[in-house]
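Going by numbering that gives the first Met the number 0, the sequence shown opens with residue 0, and the numbers climb by one from there. Below is one structure, written out as structure tokens, with a few remarks after it.
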Amino acid sequence: MSHETTAIPKATTNWIDHLPEAALLVDAGRDLILAANSAMGRMIGTDRQSLTGTPCTHLFTDQRPQLIAFTEETLFRSHGWSRDFILQHRDGHTVELEISSSRVGEAESRNVLLLLRDRRQLRTLRERHDANHYHRGGLLEWRRVEELFKDIERENQLILHAVGEGIYGVDAEGRTTFANPAAERMLGWRMDELMGRVIHRVVHHSHEDGSLYPLKECPIYAAFRDASVKRVGEDWFWRKDGSGFTVEYTSTPILDNGHPVGAVVVFRDISPRLQAQKELQKALEEVESLKHRLEMENAYLQEELSAEYHFHEIFGQSQAIRAIVRRIGMVAPTDANVLITGESGTGKELIARAIHQSSSRRDRPLIRVNCAAIPKDLFESEFFGHIKGAFTGAISDRVGRFELADGGTLFLDEVGEIPLELQGKLLRVLQDQQFERVGENRTRAVNVRVIAATNRDLKAEIQERTFREDLYFRLNVFPIESVPLRRRLEDIPILAQEFLNRACQKFNRPQLALRERDVETLKAYHWPGNVRELENVIERQVITADGRLDLDLPGPDSAARTTKADTPPARHFSDELMTEQELRELEKQNLARALTMSSGRVFGDDGAAAMLGIKPTTLTSRLKKLKIEPREFQVRPVTSDFP
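Right, here's the structure in full:
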């Protein structure tokens, strides 16, 4: 209640003393009793003077919200009626009230007159009056009326019990006239408790969030005003125990000679349906997310299955292989990041897979990222994923490789190819194990172990400022060098025989065996393409073999030479040790020879990369590093000076 209206002078309130019923004159704006009569004093066991000037809500301590709503309704409608209130007599007994109210004064006045009646006394008077009436009418009329009411009641009960929806009726004042059993079950009120009460104040007094629901805004009462059916798809009803539930309802006005005299409200509890819809929507979103993730995982796994793996186990008995296996056994049980270095074709990916399969993450996927094959502007999306509409062409959400590798291992092959501007973001993910998809503000947490591999000299690139030093140290927690084949010649017979067995089975050829001179020929070659080149050579020999192998490889006396006049003669490989500079020069000569043979072509079946048994992207990276320009090896057509 607000504090706007001033009190009425005492002289103007004397009329209240002449009222036969207990009465209170209340300033609703200031919650103040302006006057009370003697009947009011007797009702609560006190004198009326002690009530004047006190807050009205003190009489209804436990019903203050209901009193405020009732007086506001009275000011809005100019009158009101309620059987919801009780008073405490001074001797302790409870007085159940029936209250009539009306607004007093001008239109802007907030004074309300309350007439209070003891409901027990009213019931006694009404029962006595009804008994006298029926006695006067005679026994025959009594029985006729009784049977009529029994028939009507029986028909109503059959109808009301037959439906599952809640149904209740109200008169033009909003008082409940009937309620069916379904309504009683849903609302928690018995029909006799609802009869005669303004049901809006019982079950519809406030919104779901607890804010007041004014009577004038209630669609049920709008049916009275407009004489039209009101349908509400989602609203809130309160139960007797204080809980609530979501309903849909229809309020249909009852008309008498065109005038609304009440309404019938049919309502249904839609909480289970809404909950089912929410759970279904959540399940559909989870299924869609899982489906998308599985599709992405399947695509990556298909990509892995279609890739060429050079061997499935680590073969060899050299000290270099034993050292690698020993280091794998040391680091695999941990979650430490691993950096695998070595030339192309030495089996860096095989080492990464061996680490993953020997770790506790073996039940989760090993997700491989070929950093050399990703366009520069798609690195971030490939690593971290993106949401729909993040950029042109992002027609749906995409799961990144980091998210797919959650709980497993992420293998960054050719890690030196990652653009410098993305290396900082990669470093933060490695440090925090958190990232955001492109175009999304939500931070996602992952648990990913990273194994990186490169054939580049990352320390040199750090000096050239093309690779971040802090990222290098984050990746290089546990380094493993994948030794080139020329430094473990004793493994060549084992590898060659394994590849020979597989190739014969793969191409459905008779089983072939390596001869001593075949082994010597293989050992004499310097194998710039390493194990991958060895496998390719064996497969070609199986395809062309006519009952036996006929190896034709450059040996110590026929090393690769280039036809370029400005290219120095190639150094032949022998058993003597070579310096790093000599090895680099040998590699440069071999690459130049391959470009000469392919007329400067890098890609394609007859390109230099295919001849060397390495990926075109790897060859391109090496040529760039060694500052070799393929265009210089292209054959130019001979032109004539004659017309």
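All C-beta atoms, glycine included, are put in the ideal place defined by N, C-alpha and C. Model, not experiment: these values are computed from the prediction.
- Exclusion of the five residues before and after ALA226 leaves PRO252, LEU254 and PRO259 as the residues of its chain whose Cβ lies within less than 7 Å of its Cβ.
- Non-local beta-carbon contacts of PHE632 in its own chain, meaning distances under 6 Å to residues more than five positions away in sequence, involve LEU594, THR595 and GLY599 in chain order.
- Under the three-state reduction of DSSP output, VAL94 falls in the strand class.
- Nearest neighbour of GLU413 by Cα position, chosen from ALA452, ARG321 and ARG326, turns out to be ALA452.
- Bridge partners of LYS229 according to DSSP: SER250.
- Membership of SER81 in the beta strand (DSSP E) is indicated by the continuous run 78-81.
- Within the DSSP bridge table, the entry for GLY257 names no partner.
- A distance below 8 Å separates the beta carbons of VAL337 and VAL476.
- Nearest C-alpha to TRP80 among ALA171, ASP334 and SER380: ALA171.
- Leaving aside the five residues that flank GLU381 on each side, the residues in its chain whose CB is nearer than 8 Å to its CB run, in chain order, VAL368, ILE373, GLY399 and ARG400.
- Using a 10 angstroms sphere on the CB of PRO509, the tally of other CB atoms stays under 16, which defines it as exposed.
- With fewer than 16 other Cβ atoms from the protein chains shown falling within 10 Å of its own Cβ, TRP14 counts as exposed.
- Around the CB of ARG200, 16 or more other CB atoms lie within 10 Å, so the residue is classed as buried.
- In this structure, the alpha-carbon of TRP188 lies about 8 Å from that of ARG238.
- In the DSSP assignment, LEU488 falls outside any alpha helix (DSSP H), carrying neither H nor E.
- In this structure, the straight-line span from the alpha carbon of GLU402 to that of GLU519 is close to 49 Å.
- Excluding residues up to 5 positions away in sequence, VAL445, ASN446 and VAL447 lie with their Cβ nearer than 7 Å to the Cβ of ASP405 in the same chain.
- One alpha carbon belongs to ILE627, the other to LYS290, and they sit about 47 Å apart.
- Taking one beta carbon from each stretch, the region 453-471 and the region 325-343 have 3 or more pairs nearer than 8 Å; the two touch.
- DSSP, read as helix, strand or coil, puts GLY168 in strand.
- When DSSP reads this structure, ALA21 sits in a beta bridge with LEU115.
- Within the same chain, ASP605, GLY606, ALA607 and MET610 come within 7 Å of SER597 by CB-CB distance, once the 5 residues on both sides are set aside.
- As the crow flies, the alpha-carbon of SER620 is around 22 Å from that of PRO478.
- A distance below 6 Å between beta-carbons, with the five flanking residues on each side excluded, links ALA21 to the following residues of its chain, in chain order: ALA38, MET39, MET42 and LEU115.
- Contact check for THR408 against LEU474 fails: the beta carbons are separated by 8 Å or more.
- Among the bridge pairs identified by DSSP, ILE339 is matched with ALA452 and ILE479.
- If you compare the alpha carbons of TYR212, PHE314 and GLY163 with that of ILE269, the shortest gap goes to GLY163.
- Bridge pairing for ALA35: LEU23 [DSSP].
- Annotation for GLN462: the continuous alpha helix (DSSP H) segment containing it runs 457-462.
- Taking C-beta separations shorter than 7 Å and ignoring five residues to either side along the sequence, the partners of VAL324 in its chain run ILE313, following chain order.
- Judged by beta-carbon spacing, GLU95 lies within the 8 Å limit of ILE85, meaning their Cβ atoms are closer than that value.
- VAL437 places its beta carbon 8 Å or farther from that of PHE378.
- For the 8 Å CB-CB criterion, GLU233 and THR249 do not form a contact.
- Nearest Cα to ARG89 within the set LEU58, LEU66, GLY104 and ARG82: LEU58.
- ARG196 has its alpha-carbon roughly 17 Å from the corresponding atom of SER205.
- Residue state for HIS385 is assigned as strand, using DSSP reduced to three classes.
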